[in-house]
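Okay, structure first, notes after.
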Amino acid sequence: MKLNRRLFMGGAAAGAAVATLSAPMAHASTNGKPRVVVIGGGAGGATAARYIAKDSNGEIDVTLVEPTRSYYTCFFSNLYMAGFRELGSIAHSYGKLASEFGVNVVHDWAVGIDREARTVTLAGGATLPYDRLILSPGIDFVDGAVEGWDVTQQNKMPHAYKAGSQSELLKAQIEAMPEGGTFAMVAPPNPFRCPPGPYERISMVAHILKEKNPTAKIIIADPKEKFSKMALFQEGWGRHYDGMIDWIGPDFGGGNVSVNPDTMTLTIDGEETKVDVCNVIPAMKAGRICEIAGITDGNWAPVNPHTMQSRVDENIHVLGDASHQGDMPKSGFAANSQAKVAAMAVRSALTGSKLFPAKFTNTCWSLIDADDGVKVGASYEATDEKIAKVDGFISQTGEDSALRKATYEESIGWYAGITSDMFG
Amino acid sequence: MNIIECVRLTRYAFCMRWIRHITTCFAVLAVTATPSFANEIGDADKGEAVFRECSSCHSVGQGAKNRVGPHLNSLFGRRAAAIEGFNYSNGLTRMGKDGLVWDFDLLDRYVENPKAFASDTRMAYKGLKDAQQRADLLAFLRRYSDDPSNIPEAAPTAAGTDHSVDAAILAIQGDPEYGEYLSSECVSCHQLDGDYDGIPGIIGWPVEDFVVAMHAYKDKFRPHPVMQMMAGRLSNEEIAALAAYFEAAGS
Ligand SMILES: Cc1cc2nc3c(=O)[nH]c(=O)nc-3n(C[C@H](O)[C@H](O)[C@H](O)COP(=O)(O)OP(=O)(O)OC[C@H]3O[C@@H](n4cnc5c(N)ncnc54)[C@H](O)[C@@H]3O)c2cc1C
Numbered sequence: 101m102k103l104n105r106r107l108f109m110g111g112a113a114a115g116a117a118v119a120t121l122s123a124p125m126a127h128a129s130t131n132g133k134p135r136v137v138v139i140g141g142g143a144g145g146a147t148a149a150r151y152i153a154k155d156s157n158g159e160i161d162v163t164l165v166e167p168t169r170s171y172y173t174c175f176f177s178n179l180y181m182a183g184f185r186e187l188g189s190i191a192h193s194y195g196k197l198a199s200e201f202g203v204n205v206v207h208d209w210a211v212g213i214d215r216e217a218r219t220v221t222l223a224g225g226a227t228l229p230y231d232r233l234i235l236s237p238g239i240d241f242v243d244g245a246v247e248g249w250d251v252t253q254q255n256k257m258p259h260a261y262k263a264g265s266q267s268e269l270l271k272a273q274i275e276a277m278p279e280g281g282t283f284a285m286v287a288p289p290n291p292f293r294c295p296p297g298p299y300e301r302i303s304m305v306a307h308i309l310k311e312k313n314p315t316a317k318i319i320i321a322d323p324k325e326k327f328s329k330m331a332l333f334q335e336g337w338g339r340h341y342d343g344m345i346d347w348i349g350p351d352f353g354g355g356n357v358s359v360n361p362d363t364m365t366l367t368i369d370g371e372e373t374k375v376d377v378c379n380v381i382p383a384m385k386a387g388r389i390c391e392i393a394g395i396t397d398g399n400w401a402p403v404n405p406h407t408m409q410s411r412v413d414e415n416i417h418v419l420g421d422a423s424h425q426g427d428m429p430k431s432g433f434a435a436n437s438q439a440k441v442a443a444m445a446v447r448s449a450l451t452g453s454k455l456f457p458a459k460f461t462n463t464c465w466s467l468i469d470a471d472d473g474v475k476v477g478a479s480y481e482a483t484d485e486k487i488a489k490v491d492g493f494i495s496q497t498g499e500d501s502a503l504r505k506a507t508y509e510e511s512i513g514w515y516a517g518i519t520s521d522m523f524g
Numbered sequence: 003m004n005i006i007e008c009v010r011l012t013r014y015a016f017c018m019r020w021i022r023h024i025t026t027c028f029a030v031l032a033v034t035a036t037p038s039f040a041n042e043i044g045d046a047d048k049g050e051a052v053f054r055e056c057s058s059c060h061s062v063g064q065g066a067k068n069r070v071g072p073h074l075n076s077l078f079g080r081r082a083a084a085i086e087g088f089n090y091s092n093g094l095t096r097m098g099k100d101g102l103v104w105d106f107d108l109l110d111r112y113v114e115n116p117k118a119f120a121s122d123t124r125m126a127y128k129g130l131k132d133a134q135q136r137a138d139l140l141a142f143l144r145r146y147s148d149d150p151s152n153i154p155e156a157a158p159t160a161a162g163t164d165h166s167v168d169a170a171i172l173a174i175q176g177d178p179e180y181g182e183y184l185s186s187e188c189v190s191c192h193q194l195d196g197d198y199d200g201i202p203g204i205i206g207w208p209v210e211d212f213v214v215a216m217h218a219y220k221d222k223f224r225p226h227p228v229m230q231m232m233a234g235r236l237s238n239e240e241i242a243a244l245a246a247y248f249e250a251a252g253s
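From first to last, the protein sequence lines are chains A and B.
Take the first sequence: its position 216, counted from the start at 1, is 316 in the working numbering, and no numbers get skipped.
Take the second sequence: its position 197, counted from the start at 1, is 199 in the working numbering, and no numbers get skipped.
Next up, the structure:
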């Protein structure tokens, strides 16, 4: 049986080699198939793995390295906090990538990358050779970004900026707030994952508090003068949660904060406030593995916009939040869009398939209150310098409730569409 | 107490006031942004004659009822697909949900080329190309609406432009392989299994419907900001490629 299988595989590989005779033979793998290793099974990585496996018809060997067995999307995790979604509905497994698309899913951490030898080392000890490596590890937090906070404090002061247990924790803390208590958020500086994310979260927190704890207060300390969809959020906050939300921008010290998780205090511009829940969202950087690979410049990994190849090493593509690419926001939609461009470029390099011009899109929906959805989006193209915005649109203030409801319903359709585009 | 101290101590109250201020400004903007038009441009009496062609399916005036098409009383200012119990197409229903309210400009576009405006419309009418006849027809229909405010002073910009897709464009043979790559942008929102879940399914559309619809978005003839943006940067060949791919993907 074993022998038969091996023979069969050999035959298939030989067939593939004949079919792609014109392809650049840049790869040096054992069974003749070029190998792609994808690190990170989130928005960018899962999409890239699926598209390469799907479109190469078995000509490329795809391995996906991802430590968690269930990926919780950050998108819609704010809706979960407000009770609009169940936690299970934002969890996705890798079963279909393996069974329907033939992706080799390895649940482990990548801990080392040898760019000379073109190998990835896993925490479990295994070594994976690659012809092309795709990195989509998302974000990590900048050390010391918020005085008094580090990841060891994330149970007392959750970030909930990687979804899953952190989202559950923050939701539980909000629900346990004393009557008339205070929810505080320390908002991050630019650039960060999901520009409207913190403000959608504030909206969702306000939604629960209005229902369960209407005398509670919300404070946001923000180092930014302006934020995404600001006019839309502020209009919505005025309409739905009047008097509940206090946004403290940099002019009022919002950029000068420290926290003390033991005493549950937040100090803004020297003024200490006792809070009941403190959602600290620190400054961000590319997932650590990019630094380990030596492909970062500052906090992020610069890429070539035409192919998403690292500017440092053309055998590596970087997707999503970790990449420094130009005008696109760090969003799941953007990571998904970039992954398709990278998948096409990788297939073209390894099997000689056609290379089409890169196109990118993004739309971010946010929910302000039940049935009150807004959106912002743009299309992009690759220039030599950066991914450059071509055209865009944004919801308007003063829109009627039917349109806002339709926008929210559209976001539900989008979620269903994009998650099946990622995970099959 | 110096100024910084003062600002620091009063900032919470100040911020709230500021947020309220901003909100009020927007509320005012929203109100003043609504255009108000006064004059009619068509000849309603001539429009009555034009309407005869419509009257095999639509009725208007006292006692008008839904027939093959919905009755057309109070059409101006009515939300698309708003008459309860009438079986509208998905496309018009969706536009109604998106907030589309019939005014002169939108009715003008719809009557000019119904299929370009809403692919799956049940109105089996090829469209009225003559801008003056449309203006007359709409002036006639407007008699049966309470709200005279949405007849523009001047002919709308859309009038006079032909929105049917050129035969040469319809004849382009799309490259389905390119279409497949381009389609990866569409399926970030439109579900591949064709489910209509807040966002319409697009799998298996006939090529011509697809091309007409995409060009209608590209020309900003059909309303929807996301689709106008997406179609806006697609070339004729790219639209043909997508049409070829999506038609085949349905079989
Ligand atoms: C509250 C919130 C709301 C959001 N809402 C939206 C929204 O509505 N729409 C939208 O488009 N985007 C939204 N986003 C943004 C979106 O979640 C991210 O931009 C997106 O997930 C980025 O994709 P990615 O592939 O770069 O990273 P991720 O999706 O974070 O995936 C990274 C994966 O890599 C894995 N990983 C990391 N390091 C390693 C390693 N060394 N070895 C192996 N695996 C590793 C991680 O476990 C993780 O699964 C939101 C984000 C937040 C926080």
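Each residue gets a CB set at the ideal place from its N, CA and C atoms; glycine is no exception.
Every value quoted in this text rests on a predicted model; they were computed, and no experiment measured them.
Hey, how far is the Cα of residue i from the Cα of residue j?
i	j	result
A/Gly281	A/Gly420	37 Å
A/Gly195	B/Val214	39 Å
A/Pro529	B/Tyr183	With chain A covering 101 to 524 only, the question about residue 529 of chain A has no answer from this structure.
A/Ala223	A/Val136	19 Å
A/Gly524	A/Leu197	6 Å
A/Lys154	A/Gly145	14 Å
A/Ala443	A/Lys310	45 Å
A/Phe175	A/Gly432	7 Å
B/Phe142	B/Trp104	15 Å
B/Val113	B/Asp100	20 Å
B/Arg124	A/Gln496	31 Å
A/Lys440	A/Arg411	19 Å
B/Ser253	B/Trp207	10 Å
A/Ala119	A/Gly202	Interpretation of A/Ala119 is limited by its pLDDT of 36, a score under 50 that renders its predicted location unreliable; the figure taken from the coordinates is listed afterwards. Going by the C-alpha atoms only, they are around 20 Å apart.
A/Ser504	A/Ile308	Reading the sequence as shown, one finds Arg at residue 504 of chain A and not Ser. Cα to Cα, the separation comes out at about 20 Å.
By DSSP, does residue i sit in helix, in strand, or in coil?
i	result
A/Tyr341	coil
A/Glu159	coil
B/Leu143	helix
A/Phe523	helix
B/His217	helix
A/Thr219	strand
B/Ile43	coil
A/Trp209	coil
A/Thr507	helix
A/Thr365	strand
B/Ile241	helix
B/Ala233	helix
May I ask you to check if the CB of residue i is nearer than 8 Å to at least one heavy atom of ligand 1?
i	result
A/Pro134	no
A/Trp347	no
A/Leu96	Coverage of chain A is limited to positions 101 through 524, which leaves residue 96 of chain A absent and any answer about it impossible.
B/Ile204	no
B/Cys188	no
B/Thr95	no
A/Glu300	yes
A/Asn178	yes
A/Asn462	yes
A/Ser495	no
A/Gly432	yes
A/Trp209	yes
A/Cys294	yes
A/Glu159	no
A/Tyr171	yes
Inset, instruction - Specify whether the segment 458 to 475 of chain A and the segment 300 to 316 of chain A touch according to this definition: at least 3 beta carbon pairs, one from each stretch, less than 8 Å apart. - result: yes
Inset, instruction - Flag this pair as touching only if the segment 269 to 280 of chain A and the segment 406 to 419 of chain A have three or more C-beta atom pairs under 8 Å; answer yes or no. - result: no
Legend entry - Three-pair Cβ contact test at 8 Å for the segment 347 to 361 of chain A versus the segment 315 to 325 of chain A: yes
Inset, instruction - Kindly confirm or deny that the segment 479 to 486 of chain A and the segment 446 to 464 of chain A touch, where touching means at least three C-beta pairs closer than 8 Å. - result: yes
Legend entry - Contact between the segment 64 to 84 of chain B and the segment 131 to 148 of chain B (3+ Cβ pairs under 8 Å): yes
Legend entry - Residue ranges of each alpha helix (DSSP H) within the segment 230 to 305 of chain A, 4 or longer: 265 to 275
Legend entry - the segment 446 to 454 of chain A contacting the segment 228 to 235 of chain A, beta-carbon criterion three pairs below 8 Å: yes
Inset, instruction - Entirely within the segment 166 to 221 of chain B and at least 4 residues each: give me those alpha helix (DSSP H) ranges in chain order. - result: 169 to 172, 178 to 188 and 209 to 220
Inset, instruction - Would you check if there are 3 or more beta carbon pairs closer than 8 Å linking the segment 330 to 344 of chain A to the segment 376 to 394 of chain A? - result: no
Inset, instruction - Flag this pair as touching only if the segment 188 to 203 of chain B and the segment 508 to 517 of chain A have three or more C-beta atom pairs under 8 Å; answer yes or no. - result: yes
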